[in-house]
Amino acid sequence: MIMATFSFLPLEYRPFHHQIIITHQTVKTKIAPSKQFLFLAFYYPWYVAGEKFWSQYGQDLRPLLGHYGSDQISVAERHIEMAVRGGIDSFVVTWTKRNSPRASNFLNATLKASNVDKIKFVMLYESLGALAGDGDFANGALDTFVEDMVFFKDTYFDHPSYLHINGRPVVYVYLTRYWKNFDTTMLHTINNKVGRNILIIADNPYFGNNISPHTSPYGIRDNSSVFEVYNSYNMYTFPNVRLGESAVDYMFRDALPIYQSWSKETVFFPSVLPKYHDFREGHKPLVGDVAGLMQQLQVFACLPRPVWYQNEFPNLMFITSFNEWWEGTSIEPDGEDKYGYKFLDAIKLFKDSEVVCQENQTNVSTLVLKA
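Under this note's numbering, the very last position in the sequence shown is 371; numbers go up by exactly one each time.
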């Protein structure tokens, strides 16, 4: 039994399922982390104040702060306050181009917030929008990536709030699974040219070939993983969604087996998806509530670990998302008070709880959220 204990506020919440049983396919795994979780929430500073901008796509709810502009320092300060209340340790901030409005908003608003020292941030490199050659590393993508990482080094990495793990700046790279002609030797080339030992978190596990690190082009190659750390930004795919189902049911049926497959053999840290409501045609919503979020947190906290893993990294838990309002995944409080601060408070409660993961001889893992 490996136990992670977090003791801050007294518990008041009782999870819907006090005990959850999940079965793994192999006994050659270690169960659960022994270090405290860091919670990272995907953050989007791309909003322009006013109804015209916000109404260009559908929304199920209106933010508590109204139809705000991400260029407002006061908005950034409120977002940091909310995140800190919810136990969020770091924003993972979308980025495509150095002169884009979202990059400008982050530099001129978020990083100028009076309370920016209360939170960390990581850049979310939207690779298919940023890389030359449509992500083809034989057709200009390598040069673009190096140039952008040099820009990150000069602009972000030395900021006191930039997240470093083991002294290394962290960069989250979106949709690495769509890259072409990428080779592991290029990681050394990138770090040598940038002059920093960047820790890349690769958004790779998904459906199709990417359900397993053994079938994914950028999973396990020559008996070692291509990237050091993996995550899946969002496991939603509309053909798999059943009408009226909950986010937790979908995540346990469709995402959990893929999470387990990657977590048993690579360093994989999961994302929770509290809810989903995208108004694009054919995108059926996933209903969310606090009980479902807590169940995801409980089960994903106890994913198996490779036998060779020695807790080289702190345990990361990603939240999709803090404020992606157009896909309806936001945990930012809404003005209608349908969810309010409930999701944020649930995350904080989980973070301040004692997590116990057990493995018995039949290779069944049990998690108990103790009061």
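For every residue, glycine included, the Cβ atom is placed at its ideal position computed from N, Cα and C.
A quick note: this is a predicted structure, and the numbers were derived from the prediction, not measured.
Would you check if there are 3 or more beta carbon pairs closer than 8 Å linking the stretch 318-336 to the stretch 207-225? no
Proximity below 7 Å, CB of I319 to CB of V267: Taking 7 Å as the Cβ cut-off, I319 and V267 do not qualify as a contacting pair.
Leaving aside the five residues before and after G375 along the sequence, list all residues of the same chain whose C-beta is less than 8 Å from its C-beta, in chain order. Outside the displayed span of the chain (1 to 371) sits residue 375, for which this structure offers no information.
Is K153 close to chain C, meaning its C-beta is less than 7 Å from at least one C-beta of that chain? Structure shown: chain C not included; a single protein chain is present.
Near V171, what residues of its chain come up, given a Cβ to Cβ distance below 8 Å and the 5 sequence neighbours on each side ignored? V122, M123, Y125, M149, F152, I198, L199, I200 and I201
Quick one: using the 10 Å Cβ neighbour count with 16 as the cut-off for buried, is T176 buried or exposed? buried
Beta strand (DSSP E) containing W95: first to last residue? S90 to W95
Return the Cβ separation of M317 and F39 in integer angstroms, given the expectation that the two are a contact with Cβ distance under 8 Å. 5 Å
Within the continuous beta strand (DSSP E) that includes I319, where are the two ends? Residues N315 to I319.
Going by alpha carbons, who is nearest to C357 out of A301, F350, T94 and G69? A301
Just tell me which of Y156, F227, F207 and I165 has its CA closest to the CA of M186. F227
Compute the Euclidean distance between the alpha carbons of K28 and Q36, then round it to the nearest angstrom. Confidence in K28 is poor, its pLDDT being 42 and thus under 50, which makes the residue's placement unreliable; the coordinate value appears in the next sentence. If I take the Cα positions, the gap works out to 24 Å.
From this set, Y233, S261, V248 and Y156, which residue's C-alpha is nearest L303's C-alpha? S261
Report the option in D289, V93, P160 and D71 whose CA atom is closest to the CA atom of A49. D71
Indicate, with yes or no, if the ligand ATP has a heavy atom lying under 6 Å from the CB of H214. As for the ligand ATP, it is missing from this structure, which has no ligand bound.
Backbone CA spacing between F157 and I119 [nearest angstrom]: Taking the straight line from one Cα to the other gives about 14 Å.
Between which residues of its own chain and S224 is the CB-CB distance below 7 Å, once the five residues before and five after are set aside? Same-chain partners within the cutoff: there are none.
Rounded separation between Y68 and Y47 - CA only: 7 Å
Quick check on the burial criterion: 16 or more other C-beta atoms within 10 angstroms. Buried or exposed for S90? Of the other Cβ atoms in all chains shown, 16 or more fall within 10 Å of the Cβ of S90; this residue is therefore buried.
Please classify Q296 as buried or exposed, where buried requires at least 16 other C-beta atoms within 10 Å of its C-beta. Label assigned to Q296: buried.
Using CA coordinates, which residue listed in F269, E312 and R78 is at the minimum distance from R168? E312
Bridge partners for F121 per DSSP, in chain order? F91 and Y162
Starting from A130, trace the beta strand (DSSP E) both ways and give me its first and last residue. Where A130 is concerned, there is no enclosing beta strand (DSSP E), although the alpha helix (DSSP H) it sits in stretches over S127 to A130.
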